[in-house]
Structure formats: C-alpha cells, structure tokens
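Right, one structure below, let's go through it.
In our numbering, the protein residues as written are 33 to 530.
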C-alpha cells in the first residue's frame, strides 16, 4: 500500500482518481454522507483539502474520467467537463432512465471514445471527444521516437448501437476504445462490439439463470475479459483464437446444418473462480465451495481487475509477463488469482454432467450385460475422475488472499461479533447432505431452464409450420376453385357438349 487516506465524519459512494495526479473525485452518500450526494468534490491529496466542487440539481449517479476530461452521469443526462487550469462545462447528452449511472471512457493516448446510455432502452450512445493527450515525459528523453497519433477513421464512426432489448447493467471499454462490452438486466449474455463500426464481434454466455452482473473488465492487451455478478463467480473469456478456447456445447457443430436454438451455439467461460463466503474454509490448494442457493454476502460482492506480474523461476531469472486477476471485496478483503495454464483448456466430454453455468452436453447411454457391471463401475469411476480433472483445469488458482471479518454495529454504536451457537455433533454430516441436495436441485433447475428454452423454440417453430400449412391449404382451395371456374367457362365445357 502506497498511501492510506482516511476521511472521517461521513461516508462516500464513489472515489475516482484523476490518473497520474494528486486529484481525487469524491461523491458523498451512504448512511451519513460526508458531502451532499448532488456534488462532485475535487480533493487534492497533496494539500489534504478540497480545491473545487461541482454542484448539480440531482444526485450524482456515476463518474468517468481521463486526462483532461470528466464525465458525470445523472438520472437522465450525462454532463462532460474539460479540466485544465479551470473546470469548464463542455457539453451534455440526454439518456434514458439511468439509475446505475452507466458510462465508460477510454483512457489511452489519442483515444476519443465516451460511451453512455442511449435515449432508448438497451441502446448505447458513442460520443467521440477530442483526442486524449499523451502523458508528459518524465526523466531523461527516450531513445525511441514518440508515438504518432493514429490516422482518422476512413468511415464516420457509428453513434448508436442497439445492444440489448432490456435495460443495460454495465458498459465497459478498454483503454484504446476500440471495443465495447455490454450486459443487460437478464444477466445471461455479454456482447462485445466494434466501437467504430458498431458490429457485434462476440457473444458470451455467463449462464442460463438470471443474474445481476456487477462489471466487465478487459485485459490490458485486449485478449481476454472477465465478468463478475451476484452469483459470486468470476468468469474469464478469451477474445482470440490462440491459447485457451472458450467452452461450447457438443451440439454447436450441428448448428450450420440443423435449425437449433441459438443457445446451443453459445460460448462459455474457459476459466472461473467462486469468491468464498464468510463460512467457507480457504486453502491455496483446493477451490472453495458455496451453496448455490445462499444469499450473496458483502464478502462475495467484489470489484475485479487485471494486473501484470513478472514471475521468476528457481534460478532467479525472470519469466514472461503474466496477467492475473485481483478481486477486491466490499468488506476490505482481496484475492489474487492466476489463470489456468494454456495447455489445460477444458474440452467437454460426452458423458459429463451439466453443472451450473456450463454448456449443455450430450449424454450417451450404453446398455451392457449384467456380468460386466464391475467393469462398468470402473469406467464410470474413470469418467468421474476425468470430469473432476476437467473442472479443476478451468478453475483459477488462488495465489494470495486476505480476508477481513465483518462486524455489525449495535444500537449503541459499538461493534461486536455474533455469538457462536451450541456445537452440533452431526453438523458436518448434515452440511454434506444439504450440499448434495442443493446441488441436485440446482442441476434440476438448470435442466428445466434448458428444457423451457428448447420448448419455446419448438413452439415458435410449430407456429411457423402451422402458418405455412394454413397458407398451403388456402392456396390449394384457391387453385381448386379456379380450376372449376375455368372448366365451367370453357366453350367445349360439359354444358356445350350436350
């Protein structure tokens, strides 16, 4: 830790650093706000005092900044300020109802992108500000030539993307501003867009059940992204074809030939990690477990980001740089996670059972004589071992962690730990049985959701078939009527022949 700043006398809802400077943007909120929630306070950490403030007529919902610019999200508009010797108002844009204060801004040199909520539900506005200036050089002049600004785009960039049909929950862009990741209130899909052309590049599936996605973060080199939600699980997806590959259903090769639902062509995370709950026991060697139906405590609510480390081998020589994840929990704990090795990407087997947030798989049943039941038992045990190894191979490895025990405040303002209950001699066995019951219930729910999706697609297809059949019946009747009318009106018809 480089510096610990403690502001007494109230609580804050947002603290945003102004990049490589001593300025912090503070927004008050919570039970006892330190500042009014309709103000953005500029705090100079070197002086230890406020130097400016921006006041609005309503509560501030969100902030985003880069070198020279600050964007403030309100309930139905976004206001942008230019920061220099003075703070001046640049422009503002109207949005739809935006209670989360969604906005994102690219921060790399010469980048221009600012993404905000659109005027319609599920839409995104792409605003291009003046290019971000490069950082001022420090120290001796570099030997290489300074980076030149990129050429202007050949085509006019798009300004609106119809990302989802429901309300947006997150907007994320990398530092370059070339990509855009969006999620909706359903919480099942993560869509990655080209910020210049507005084209949908990739679509990832977090899971099948509804979730509240807290955030999406691109890796600095834009080769992967991570997603975290109220399920307490961090999912990692790859954006490139080299290295680990995202998991897919075994039905996905059939989608070009059969009209299967889009669900079976989804891409699933190749790595994941579940943030442990307060009652879980953590070891650096075994992944933690959590009941799938438990409520999400504050220790599982987190913010996830990428870091770059330079590991060393036994001889003391440095290895290639490696990207890892850092998860900061709401109670002050943190977890450092390493990704699975590049050679250990999980490939779904045909006999593996579907787990939560996993793609559907085909289960092949083979009939064997009763005399070979022992052999079948051994094969089943091997299949379970292979399934377990595959599941562990896609788990992020916990490298380092720190946990802080959350205390509750009583009515007198003092902190106390909740009293421990009487020991139950059967507690461990009961916990195991309960965990099995909940796991089986979760699997049943997962399969029912998948069955419902398939039934919806079948009903939709049946409606199309019924419509086609009705049209064919009407066409046959019209043809028959026209033939009979033509036969009666011919000169050599039956009446004329008589």
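All C-beta atoms, glycine included, are put in the ideal place defined by N, C-alpha and C. Keep in mind it's a predicted model, so treat the numbers as computed, not measured.
When DSSP builds the beta bridges, which residues end up paired with residue i?
i	result
residue 204	213
residue 226	211
residue 94	105
residue 265	306
residue 355	340
residue 71	87
residue 126	109
residue 157	148 and 192
residue 82	75
residue 249	258
residue 48	57
residue 360	335 and 366
Take the Cβ of residue i as the centre, count every other Cβ of all protein chains shown within 10 Å, and call the residue buried at 16 or more, exposed below.
i	result
residue 476	exposed
residue 72	buried
residue 118	exposed
residue 143	buried
residue 273	exposed
residue 212	buried
residue 304	buried
residue 483	exposed
residue 513	exposed
residue 204	buried
residue 308	buried
residue 372	buried
residue 511	exposed
residue 67	buried
Suppose the cutoff is 7 Å on Cβ atoms and the five residues either side in sequence are ignored; what does the same chain contact list for residue i look like?
i	result
residue 63	43
residue 338	249, 251, 252, 355 and 357
residue 96	103, 135, 136 and 137
residue 197	154
residue 360	334, 335 and 366
residue 403	With a pLDDT of 40 at residue 403, under the threshold of 50, the modelled position of that residue is not reliable, and the figure given next carries that caveat. Excluding sequence neighbours, residue 403 sits near nothing in its chain.
residue 486	293
residue 241	481
Whose C-beta lies closer than 8 Å to the C-beta of residue i among residues of the same chain, with five residues either side of it excluded?
i	result
residue 77	35, 37, 54, 55 and 56
residue 299	234, 235, 236, 237, 269, 278, 279 and 280
residue 30	Residue 30 cannot be examined here, being either before or after the span of the chain that is shown, 33 to 530.
residue 493	291
residue 317	For residue 317, the predicted structure reports a pLDDT of 40, less than 50, and the residue's modelled location is therefore unreliable. The matter cannot be settled from this model.
residue 301	236, 238, 259, 267, 268, 269, 278, 279, 389 and 426
residue 139	51, 98, 99, 164 and 207
My output table needs one value for residue i: the three-state DSSP class, helix, strand or coil.
i	result
residue 163	coil
residue 88	coil
residue 368	strand
residue 16	Nothing can be reported for residue 16: it is not among the residues displayed for the chain, which extend from 33 to 530.
residue 152	coil
residue 40	coil
residue 513	helix
residue 297	helix
residue 117	coil
residue 518	helix
residue 181	coil
residue 429	strand
residue 256	strand
residue 173	coil
residue 285	helix
residue 459	helix
residue 234	strand
residue 134	coil
residue 58	strand
residue 373	coil
residue 218	coil
residue 272	coil
residue 335	strand
residue 65	strand
residue 435	coil
residue 279	strand
Excluding sequence positions up to five away, which residues of its chain have a Cβ less than 6 Å from the Cβ of residue i?
i	result
residue 206	250 and 254
residue 194	155
residue 112	103, 122 and 123
Taking 7 Å as the cut-off, is the C-beta of residue i nearer than that to any heavy atom in the ligand COA?
i	result
residue 516	In the structure on display, the ligand COA does not appear, and there are no ligands present to speak of.
Length at least 4, wholly inside the region 462–508: the alpha helix (DSSP H) runs in chain order: none
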